[in-house]
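Each residue of the sequence shown is one higher than the last, beginning at 37 in our numbering.
Encoded as structure tokens, the structure appears first; notes follow it.
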Amino acid sequence: MNLSQWLSKLIGPFTPDAGLLFARVTGALLVLHVHGLPKLLHFSDELAHIDDPLHMGRALTLYCALFAELVCPVLVAVGLLTRLATLPFLFLLLVSMLLVHPDWSIADGQFGWLLIIVFGTIAVSGAGKYSVDAHWRA
């Protein structure tokens, strides 16, 4: 086996749809685990401490955050209305990074910026063929 054959077996076929599935599911599970579920399980504590940078009131701000961090990741994970479902979460992240934590360095906010990259990529690319969206188009 020559080097070219060995490398092609090592690399395998180009499968962007599998990569989008991986990004959707793992990104959504991470958001649910780190942000969404803790907010839901500790609702009273979150309500007392949540920042309200858009001056909508703490309760409405928390409900919007719960929508963006619970409902939207589930939609993204299954690939249902995927591009639309990324928008509330991206908006929440941008508000958090630019208004709530403007003093953070890139290093301090790297988790947030990486989530913006992951969900921004999904918003631009769409869900891929392993999704409910793809079955609806077919």
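Using N, Cα and C, we set each Cβ at its ideal position, and we do this for glycine too.
Since this is a predicted model, take the numbers as computed values, not measurements.
Distance between beta carbons of residue j and residue i, contact taken as under 8 Å
i	j	result
Pro52	Gly164	7 Å
Leu83	Ala95	6 Å
Gly156	Leu126	6 Å
Leu90	Val131	7 Å
Arg60	Ala113	6 Å
Three-state secondary structure (DSSP) of residue i
i	result
Pro89	coil
Trp140	coil
Pro49	coil
His78	coil
Pair within 7 Å by beta-carbon distance, residue i and residue j
i	j	result
Leu129	Leu150	no
Pro109	Leu135	no
Leu116	Val168	yes
Ile158	Thr122	yes
Tyr166	Leu57	yes
Extent of the continuous alpha helix (DSSP H) run through residue i
i	result
Leu102	94 to 102
Query raised in the report: Of all the alpha helix (DSSP H) runs that stay within the bounds of the stretch 107 to 171, which reach a length of 4 or more residues?
Result: 108 to 114, 118 to 131, 146 to 161
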